[in-house]
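Number of protein chains: 2
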Amino acid sequence: MAAEQRPADTGTDESAWLAAYDPRAYTPVAVTVDVVALTLRHGSLHVLLVERAAPPYQGAWALPGGFLRAGKEDLDEAAVRELAEETGLHGTADAEAALSRIHLEQLGTYGNPDRDPRMHVVSVAYLAFAPDLPDPEAGSDAATAAWHPVTALDLRPRSGRSPATGVPADTHGGGVGGHTGPATEPTVAAPHAAETGPAPTALAFDHARILADGLDRARAKIEYSPLATAFLQHDFTIPELRAVYEAVWDERLHPGNFHRKVLSVPGFVDSTGTTTERGGTRGGPRARTYRAGDARLLHPALLRPTREDEIR
Amino acid sequence: MAAEQRPADTGTDESAWLAAYDPRAYTPVAVTVDVVALTLRHGSLHVLLVERAAPPYQGAWALPGGFLRAGKEDLDEAAVRELAEETGLHGTADAEAALSRIHLEQLGTYGNPDRDPRMHVVSVAYLAFAPDLPDPEAGSDAATAAWHPVTALDLRPRSGRSPATGVPADTHGGGVGGHTGPATEPTVAAPHAAETGPAPTALAFDHARILADGLDRARAKIEYSPLATAFLQHDFTIPELRAVYEAVWDERLHPGNFHRKVLSVPGFVDSTGTTTERGGTRGGPRARTYRAGDARLLHPALLRPTREDEIR
DNA sequence: CTAATAGTGTCTCTGAGACAGTATCTA
DNA sequence: TAGATACTGTCTCAGAGACACTATTAG
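So the protein sequences, as listed, match chains G and D.
According to the working numbering, the stretch in the first sequence is residues 1 to 312, in order.
According to the working numbering, the stretch in the second sequence is residues 313 to 624, in order.
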C-alpha cells in the first residue's frame, strides 16, 4: 500500500493522525527524475547529456535530471520540466510547441542504495523521443548540455570505484527482470563517428545502464508503436522514416519492402498528397510526404530482423 | 543526474561536502514499494490484497507493500521482502524455494502528489507471477491478506474523495504514455465469479490503476516471453499452459492450434517424457508433461487474437 | 456406451523477405 | 550520361487460424 506501518499506524481518527505525523523523523530517501532524451542528428542516434560541475563524478557526463519537487509536482511533470530546462525549450511559444511534439514515457526506477555516494537516491528514469532539436544554449541552465552520438559512449556498467569516494562500484540500479527483456546488451562502444569532440568514456552514476535500458526500450517500442515518427518533423517521407528505424536498430533495411510494409499498416501514416521539392542528395525521384496517422499500435508490427542470439 | 543542484553544489572537496550535507533539510518524499502479485486459482486470475487496518482508506483493500528501507535495500529486494512478508513465505526452506520460482519485475512508478493524503508518496510498483500459493495465514503479518479474483474488482479509477479526508480524488499516479500502451482499459467489473465473499468495490489509493496497469503488462508479457509458465508448477501440460493464457487474456483459444504453436517455439517448453497419471476430469487421454525451456523470448510470439478496437 | 479431451493432419490466407524492374532525379 | 533512389510487381516461404480426424480417457 502507498504508505503504512512505518509511522506506527496508531490509527483511529485520521485528522489527528495527520497532525501528529512528522515525516522528517525517518531515514530520508531522495527522489530524482532523470531523462534519456533521444534524437536523430545527421542520421545517427544522439542522447542529451550534461556535464557535471560538482562532485561526485565532477566533469563526467550524466543524464539530465533533478529532484522531484515534493508535494508540488507529478513525476511526469518533473520529467517535462527537466527536459525543458536542459534543452532550453521554455518560455517562447515555439518552444512549447516543440516540447509538445516530444514523446515522453516512464522508463524505470533505479534505487540501489549505493548508486549515489551522498545518500540513498531513488531515480525515476524517463525516455523521450524528440525531433532534431537545436543545440542547447550554453548557460541556459548552469550545466553544459549537449547532444552526444550514442555510438561514442561506453555503455558497459561502471567498474572500479566512484571517483573521489570510497564507494564500491554501482552494480545495477534496479529492475529484476527489466521490461523489454534482460539487459543482456551493454553494447560495447562502437568504432565509428566521434562527432562531438572526444568521446566521454563513461557516464556518471549508473547512467550507462539507464541509457542502455532506454535504448533497449526504444528499439522494442518502435516495433509495435508508431513512435518512430516522433523523431521526425511534422511532415516526413518514407525514406526518412526508414532512416529512423535504421539508426535506432542499427540495421540496414530493404527500401522496397519497408516502403510497402509501412503503407500496409492501417493508421501508421497518412498521405499529405504532396512531395518533396527536390530529390535525394544523391539523386532519385522526389518522395511523397506523409504525416503520423492515428494508430497507437502497429498492426501488423514492424518486427526487427531476427537476431537468433537475443532469444535466449 | 542522480542527485544535484538542490543541496547547492558548492562542490570542491567531496568529503567535506558529504559531511556538511544534511538530507533532512529539504521537503521529504516517502518511497514505498507495492506489489501486484498475480496467481491462478481454480482457473481464474487472482491478485493478492491486504485489508487496511488504519486510515486512510481504513477497511479498504490495497496492494501489499511498504516503505523502502532507506540506505539498506534495493528496490528489488524490498519487493521480494514485501511479497514474502505478505504471503507468509519466509523462514522455511520450502518457502524460499517457492519464492525463488516467482517471477518479479518492475511495473512502474506512481508519484502524484495527492495520491496519499498524508504526504507525497512515490510508489514503485512491481508485478509478480506466482504459481498457485496457499492462502496467507492470518496474523502472519498484522494485516489480513487474501487472494481475490480480479474479475470481482472494480478497476475504474476512483471517483469522489478519499475517505475521512478532504483530499481530492486520485487522478492517475504516473506514466505519461505507459509501457504496454495506453491504459485505455479501466475494465469494468465483470459479472461472474465472486468467490471470496463479497466483492471489494474499490481499492485504496490509486491501486486500481496500478492493478489495471499490471494486468495490461501481464497480458502483453506472455505474448513475447515464456512467463506464462511462472503461473504453473514445475511440470505442467500444454492444456494447463493454455488455461493460463485463457485466464490472463480472458479469451478462448483453439486447443489444437495452441498446442502445435507452443511446441513450434524453440526453447519454450521441454518434454519430460512422461504423462499425467489420469486424464482430464471430464474425460480425454492423459497429457504429456513439460518443463519451462531456456528461451527468454518467444519466437515466433504467441500473439493475442486481434482486437481491432485496441489499436487506436 | 457417450461425451469430452489430447494431439495431429491439412488447407487457406496473410505477411515477410528476396529479387527484379521502371520512372525520376542529382551531379 | 551515370548513378543513385522512389516506388511497384512478383515469387516463395513461414506462420496463423479454421476445420477435420483419430486415439484415449472419465463417468
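Even glycine gets a Cβ: it sits at the ideal position worked out from N, Cα and C.
Keep in mind it's a predicted model, so treat the numbers as computed, not measured.
Would you verify that the beta carbon of T499(D) is, or is not, closer than 9 Å to some beta carbon of chain G? Low per-residue confidence applies at T499(D): pLDDT is 33, beneath 50, and the placement is therefore not dependable, though the value from the model is reported in the following sentence. No, T499(D) does not count as interfacial toward chain G.
Out of L352(D), D388(D) and A374(D), which one is the CA nearest neighbour of L380(D)? D388(D)
Whether or not the segment 423 to 439 of chain D and the segment 344 to 357 of chain D are in contact is what I'm after, with contact meaning three or more pairs of Cβ atoms, one per stretch, closer than 8 Å; do they touch? yes
How long is the line joining the alpha carbons of T593(D) and Y224(G), rounded to whole angstroms? Answer to the nearest angstrom: the Cα atoms are 40 Å apart.
Kindly indicate if chain D contains any beta-carbon less than 9 Å away from that of A292(G). The C-beta of A292(G) comes no closer than 9 Å to any C-beta of chain D.
Got a sec: is the Cβ-Cβ distance from L75(G) to anything in chain D below 9 Å? The beta carbon of L75(G) sits closer than 9 Å to some beta carbon of chain D.
Nearest-angstrom Cβ-Cβ length linking A208(G) and A60(G), presumed shorter than 8 Å: Actually they are not in contact, since the Cβ atoms of A208(G) and A60(G) sit about 11 Å apart, beyond 8 Å.
Closest to A407(D) by CA distance: which of L445(D), F543(D) and R598(D) is it? L445(D)
Drop a sphere of 10 angstroms on the beta-carbon of S100(G), count the other beta-carbons inside from all chains shown, and report buried for 16 or more, exposed for fewer. exposed
Between V462(D) and H358(D), how many whole angstroms is the CB-CB distance? I'm expecting something under 8 Å. Right, the Cβ-Cβ distance comes to about 7 Å (below 8 Å), so this counts as a contact.
L253(G) beta carbon less than 9 Å from that of R260(G): no
Measuring straight from C-alpha to C-alpha, what distance separates L297(G) and D250(G)? 22 Å
By the criterion of Cβ-Cβ separation under 8 Å, what are the contact partners of P425(D) in chain G? A70, G71, K72, E73 and D74
Thinking C-alpha only, which one of G91(G), T92(G), E137(G) and V80(G) is nearest A130(G)? V80(G)
Which chain G residues are close to V434(D), counting only those with a beta carbon under 8 Å from its beta carbon? The contacting residues are V31, L68, L75, V122 and V124.
Which stretch, first to last residue, makes up the alpha helix (DSSP H) that contains P461(D)? Run containing P461(D): none in the alpha helix (DSSP H); it sits in the beta strand (DSSP E), T456 to P461.
From what residue to what residue does the alpha helix (DSSP H) around V560(D) run? I550 to W561
Reduced DSSP category for S286(D) - H, G, I as helix; E, B as strand; rest coil: Past the edges of chain D, shown from 313 to 624, lies residue 286(D), and the structure says nothing about it.
Closest by CA to G378(D), which one among Y369(D), I414(D) and V433(D)? V433(D)
Do we get a CB-CB distance below 9 Å when we pair H460(D) with the residues of chain G? no
Looking only at DSSP bridge pairs, what is Y110(G) linked to? S123(G)
is_contact[T618(D), chain G] using C-beta, thresh 9 Å: At a cut-off of 9 Å, the C-beta of T618(D) has a neighbouring C-beta in chain G.
Secondary structure at E449(D), three-state DSSP: helix, strand or coil? coil
For L89(G), which residues in the same chain have their Cβ closer than 6 Å to its Cβ, ignoring the five residues on either side in sequence? A95, A98 and L99
Distance CB(E397(D))-CB(L360(D)) smaller than 9 Å: No, these two residues do not count as a Cβ contact at 9 Å.
Is H254(G) helix, strand or coil when you go by DSSP? The DSSP-derived three-state label of H254(G) is coil.
With 9 Å as the threshold, decide whether the Cβ of H546(D) is near any Cβ in chain G. no
For L214(G), name the three-state secondary structure that DSSP assigns. Per the sequence shown, the amino acid found at residue 214(G) is Gly instead of Leu. Helix, per DSSP.
Does the beta-carbon of T404(D) have 16 or more other beta-carbons within 10 angstroms, so that it is buried, or is it exposed? exposed
I'd like to check one pair, P255(G) with P266(G): are the Cβ atoms closer than 9 Å? no
Pick from H148(G), M119(G) and L302(G) that is closest to S44(G), judged by C-alpha positions: Measuring from the Cα of S44(G), the nearest candidate turns out to be H148(G).
Should R307(G) be labelled buried (16 or more other beta-carbon atoms within 10 Å of its own) or exposed? exposed
Using alpha carbons as the reference points, say which of Q370(D), K384(D), L465(D) and S583(D) lies closest to D428(D). Q370(D)
From the DSSP output, in three-state form, read off D406(D) for me. The answer is helix: DSSP assigns D406(D) an H, G or I state.
Coarse secondary structure for D388(D), derived from DSSP in three states: helix
Determine, for H90(G), whether the minimum Cβ-Cβ distance to residues of chain D falls below 9 Å. no
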